[in-house]
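The structure appears right after this line, and notes come after that.
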Amino acid sequence: MTAVAVTGTRVPSATSRRLLAAGTLVAFGLIDIFVFGLLGHKGDAAFAFSIQGAKVTIPTVHVPARPVSYALGIVSVLIGVGRGLVAAKPGLKRLSIGLVLLFFIISLLLWSDSGSWVSGIPINVVVLLQTTLATSIPLILGALAGCMGERAGVINIAIEGQLLLGAFMAAIVASAVGTLWLGLISGALGGALVGLVLAAFAVRFLVDQIILGVVLNLLISGLTGFFYDRLMVPNANLYNNGPTFGTWKIPGLGDIPILGPILFDSTIFLYLTYAAIILVQIGLFNTRFGLRVRAVGEHPTAADTVGIRVLGIRYRNLVLGGILAGIGGAYLTIGSVGTFNKDMSSGLGYIALAAMIFGRWTPLGGTLAALLFGFTSQLGTFLGSINVPISPYILGMAPYVATIIAVAGLVGRVRAPAADGKPYVRA
Amino acid sequence: VTQDASGGPPEPQPHEPELPGGAPELPADAEGSPQPTGAATAAPAPDRGPFRGLDRAVWEAISQGSSTVVTILAIFLALVIGGLLIAFSDPTVLHAWSTFFSHPGSAISAAWQSVAAAYSAMFEGAIFNPHTISAAFHGGSFGAIFYPLSQTTFQATPLILTGLSVALAFRAGLFNIGAASQWIGGAIVATYLGFAISLPVVLHAIVCLIGGFAGGAVMGWLVGALKARTGAHEVIVTIMLNYVMYDLLNYLLGTPKALQQPGQSNLITPNIHTSAQLPHVGGPPPQVGLGFLIALAAAAGVWWLLARSTTGFEFRTVGANPSAARSAGMSVLRVWVLVMVLAGGLAGLSGAVTTQGFYHSLNTLSYGTYGITGITVALLGRARPLGVVLAALLFGALDTGGTVMQAATSVPVDITEVLQGLIVLFVAAPLFIRAVFRLRAARAGGGMEAVAKGWNG
Chain B
-19 MTAVAVTGTR VPSATSRRLL AAGTLVAFGL IDIFVFGLLG HKGDAAFAFS
31 IQGAKVTIPT VHVPARPVSY ALGIVSVLIG VGRGLVAAKP GLKRLSIGLV
81 LLFFIISLLL WSDSGSWVSG IPINVVVLLQ TTLATSIPLI LGALAGCMGE
131 RAGVINIAIE GQLLLGAFMA AIVASAVGTL WLGLISGALG GALVGLVLAA
181 FAVRFLVDQI ILGVVLNLLI SGLTGFFYDR LMVPNANLYN NGPTFGTWKI
231 PGLGDIPILG PILFDSTIFL YLTYAAIILV QIGLFNTRFG LRVRAVGEHP
281 TAADTVGIRV LGIRYRNLVL GGILAGIGGA YLTIGSVGTF NKDMSSGLGY
331 IALAAMIFGR WTPLGGTLAA LLFGFTSQLG TFLGSINVPI SPYILGMAPY
381 VATIIAVAGL VGRVRAPAAD GKPYVRA
Chain S
100 VTQDASGGPP EPQPHEPELP GGAPELPADA EGSPQPTGAA TAAPAPDRGP
150 FRGLDRAVWE AISQGSSTVV TILAIFLALV IGGLLIAFSD PTVLHAWSTF
200 FSHPGSAISA AWQSVAAAYS AMFEGAIFNP HTISAAFHGG SFGAIFYPLS
250 QTTFQATPLI LTGLSVALAF RAGLFNIGAA SQWIGGAIVA TYLGFAISLP
300 VVLHAIVCLI GGFAGGAVMG WLVGALKART GAHEVIVTIM LNYVMYDLLN
350 YLLGTPKALQ QPGQSNLITP NIHTSAQLPH VGGPPPQVGL GFLIALAAAA
400 GVWWLLARST TGFEFRTVGA NPSAARSAGM SVLRVWVLVM VLAGGLAGLS
450 GAVTTQGFYH SLNTLSYGTY GITGITVALL GRARPLGVVL AALLFGALDT
500 GGTVMQAATS VPVDITEVLQ GLIVLFVAAP LFIRAVFRLR AARAGGGMEA
550 VAKGWNG
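Going down the list, the protein sequences come from chains B and S.
Sequential numbering of the first sequence, starting at -19, is according to our numbering.
Sequential numbering of the second sequence, starting at 100, is according to our numbering.
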């Protein structure tokens, strides 16, 4: 039934999809040319590549803003037109999207740093990327959690709730006990608990998984809000005054110019994220465990026939994914600000979900998409901080609009694991 | 009315044959054979159980868990869990339980008192407060007796409309998480029309309502069109649009020429003209906002659309089986766009009614949680118009009572969100309710059909 049903409603043809993607790329190029080029200011933009106290300093680079925007825009338009004329291979498609986005961002930065509102302060690329990585941690871990569930055939909309409960548990335990590690573990357990409940209701009680996720998010928002008002507000010093993890520079690696400060001078959370990406990617695609998971996600009946425990794998994957998302949530409190606030996950879980879809249900793809969204939101903050004459609210929309464009214009109809979202009942 | 609202023409589902009162025709040993999902009267086995006739029907409904019974048990279980949360987060109760082994009685009574105080404050705030009766006999106003119920209908009004929005989309197989964005779209247009133009009394209010519907409809159209044209999944698009609209509202509220009240630095619009406001029907306290009546009319309209019109039949067919709908010559894409336009319009109308009827201006927090609660209302109401109205009244009562409870007992109002979440979670999981209450799991049904489609659907 599924094959027929899917093709029955699949209307956008390959050609119209290609033209849509091409149109999107051309539109980005035109913005480069006309908005950032034509409406931009004369003069140079400056990019700095070192942070204070670095062992090796790299000179600041000055770039003429308008000519470079024109050039990048023209190249983008050409790439778009090319995409419209020829059907490209998947690798080439991704490359074209990546290049056009990169050019767009460079043009935007050139425009913002050459404007009259900046008094010649260079854009520090290293700091921008450092903060991007930090803000992406919950997004990446959330996307990995989504991957774990959906590859086994269970849709996980409750990433948002997992982040929120992880943040709450980490804050309250770290604050009450005073031990950061216990906070981290509790955060992970909070995420795992949501994963377990999700699994129980989705796998055992066959509840519609999208509905279930939304309801769990609502429930967790209510629960954490309830305990926030009931416990944390009256006893803020005891329950919501947690310590935070400091940064730890990896000896040697952390001193590499440019890359060192970006990649190897952060909190334990970033290193855990690296480990999680590698483990999930290899685990899903290079091990017997992963083969079984994917079999369960694509064709549970067949998997069951050869003796794979379908339900067991679904339970396990959701709990493991929950641990990851819980750590991502813990980052929000004990990894950065220390204190918990009502609904502080503020939609990050949903963006992580979109990142996973944008990344086509692969850990690496999801990670890249999460980084893109993290960068977009960090860029908004950054532009606001240099007084670019755009309302902070408009800048704040950027990651969400980017997600819509990504899902609609560039990805379009996606192909999830075949059994994703369908409860398995042995016939 | 229940039957009409839930039934209409036969659902386009293959497993639901026409079996009017089918129970008597079935052989007595048909317990294990496939049976139609539906009312609780379909159970055979005349000799089982101690009951006969109507009694037996009632007993069968309870023991097998019809959808009404599951709903009631879900609400009960949610209240029990909520009560445990209230009791065991109360310092007084915790202190009493620390001496449980020496004074078990006082520990239990402390817990009971804590829960009883919270829930009775909630009930008095939402439904009826006994003190108002004695007060009325001692010179107070009789109207005050109805004050809580009036408040409940106020709270329920926007929820009915956002609930209908989500429910309508559900019936066509789409999950509209974006009622919040559509609410904001509608509220922005209605409020702007309300203070920026001048029109005669009745006309002005109508123009604003239409504007609100249109504002929400545009947001809904965006979702439907993106899904139809590019295949972008509506769940992602609607969630993202919510956040976009939160920011857009803030932006417009902070822009003097757009929505911001002149001479204000706060993010708030001017009050709408009196001519655009929706009056209340009835005197003070026993009163109902005109908005509530509009919401009821909208529910009737949605019922007519789904149950009696060709368009509604197409909606339900697409929702049940898109490829069958396509084979039958219906345009699935057109249905997606149209249903999202209507759903968006309903949510937009919610924004218009809330602004015109109650607050008369917009600020950064006006949208509240109407959108997300609309989802739970639609789910609890099983995506049927009458069910949505009842569910919205229940949740309106919880919201009203919750505020009163927080003031009276210092139990945080967030407990209502917990209760709402638990109720819907349990309603969505009839198998869980059956397992908890040891009901016979004789057949599927009593729960919700799978309404939301996965990413591939």
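No residue lacks a Cβ here, since even glycine has one placed at the ideal position from N, Cα and C.
Quick check on ILE305/S: buried or exposed, where buried means 16 or more other Cβ atoms within 10 Å of its Cβ? exposed
Using a beta-carbon distance below 8 Å, is PHE207/B in contact with chain S? yes
Since ILE242/B and LEU113/B are thought to touch, with beta carbons under 8 Å apart, how far apart are those beta carbons, to the nearest angstrom? 6 Å
Using the three-state DSSP reduction, which class does ASP93/B fall into: helix, strand or coil? helix
Who are the Cβ neighbours of VAL558/S in its own chain at under 7 Å, not counting the five residues just before and after it? Outside the shown range of chain S (100 to 556) lies residue 558/S, about which nothing can therefore be said.
Per DSSP, ILE367/S is paired with what? ASN462/S
Within 10 Å of its beta-carbon, does TRP161/B have 16 or more other beta-carbons around it, so buried, or fewer, so exposed? exposed
Within the region 14 to 71 of chain B, ranges of the alpha helix (DSSP H) (whole runs, at least 4 residues): 45 to 65
Kindly provide the ranges of any alpha helix (DSSP H) runs that are 4 or more residues long and lie completely inside the region 209 to 274 of chain S, ordered along the chain. 229 to 236, 246 to 270
Measuring only the C-alpha atoms, how far is PHE294/S from ILE371/S? 4 Å
Alpha helix (DSSP H) containing GLY240/B: first to last residue? 239 to 243
Excluding sequence positions up to five away, which residues of its chain have a Cβ less than 6 Å from the Cβ of PHE312/S? GLY444, GLY447, LEU448
Per the DSSP calculation, ILE103/B is bridged to which residue(s)? PHE27/B
In terms of alpha-carbon separation, which member of LEU81/B, ILE307/B, THR115/B lies closest to GLY171/B? ILE307/B
Does TRP554/S have its Cβ less than 8 Å from a Cβ in chain B? yes
Kindly list the residues whose CB is nearer than 8 Å to the CB of LEU366/S, restricted to its own chain and excluding five residues on each side of it in sequence; keep chain order. ASN349, LEU352, GLY353, GLN359, ASN462, THR463
Could you pull out every unbroken alpha helix (DSSP H) segment of at least 4 residues lying fully inside the region 155 to 190 of chain B, listed in chain order? 160 to 179
If you draw a straight line from the alpha carbon of PRO39/B to that of SER87/B, how long is it in whole angstroms? 21 Å
Start and end of the alpha helix (DSSP H) containing THR227/B? Neither: THR227/B is in no alpha helix (DSSP H) and is coded neither H nor E.
Interface residues of chain S around VAL381/B at Cβ under 8 Å? MET339, VAL343
Span separating the alpha-carbon of GLY193/B from that of LEU172/S: 22 Å
With a threshold of 8 Å between beta carbons, is SER365/B in contact with chain S? no
Taking GLY400/S as the reference, which of ARG328/S, LEU263/S, LEU521/S, TRP320/S has the closest Cα? LEU263/S
What residues of chain S sit near ARG210/B, judged by a beta carbon separation below 7 Å? SER188, PRO511
If you follow the alpha helix (DSSP H) that ALA138/B is part of, which residue opens it and which one closes it? Neither: ALA138/B is in no alpha helix (DSSP H) and is coded neither H nor E.
Report yes or no: is there a C-beta of chain S within less than 8 Å of the C-beta of GLY202/B? yes
Inter-residue spacing [alpha-carbon to alpha-carbon] between ALA144/S and ARG406/B: Because ALA144/S carries a pLDDT of 44, less than 50, the predicted location of this residue cannot be relied on, and no value is offered for it.
What separation, rounded to the nearest whole angstrom, lies between the Cα atoms of PRO421/S and TRP554/S? 14 Å
Residue nearest to VAL431/S in terms of C-alpha spacing, selected from PRO203/S, GLY315/S, ALA327/S: ALA327/S
Return the residue from the list GLN189/B, VAL61/B, GLY287/B, GLY17/B that minimises the CA-CA distance to GLY401/B. GLN189/B
With contact counted as at least three CB pairs below 8 Å, one residue from each stretch, are the region 282 to 290 of chain B and the region 146 to 160 of chain B in contact? no
To which residues of the same chain is ALA180/B closer than 7 Å at the C-beta, ignoring the five residues directly before and after it? none
DSSP beta-bridge partners for HIS379/S? GLY388/S
Which one of GLY500/S, THR475/S, PRO511/S has the shortest CA to CA distance from ILE276/S? THR475/S
Entirely enclosed alpha helix (DSSP H) segments - the region 261 to 330 of chain B, minimum 4 residues: 268 to 278, 280 to 285, 290 to 310
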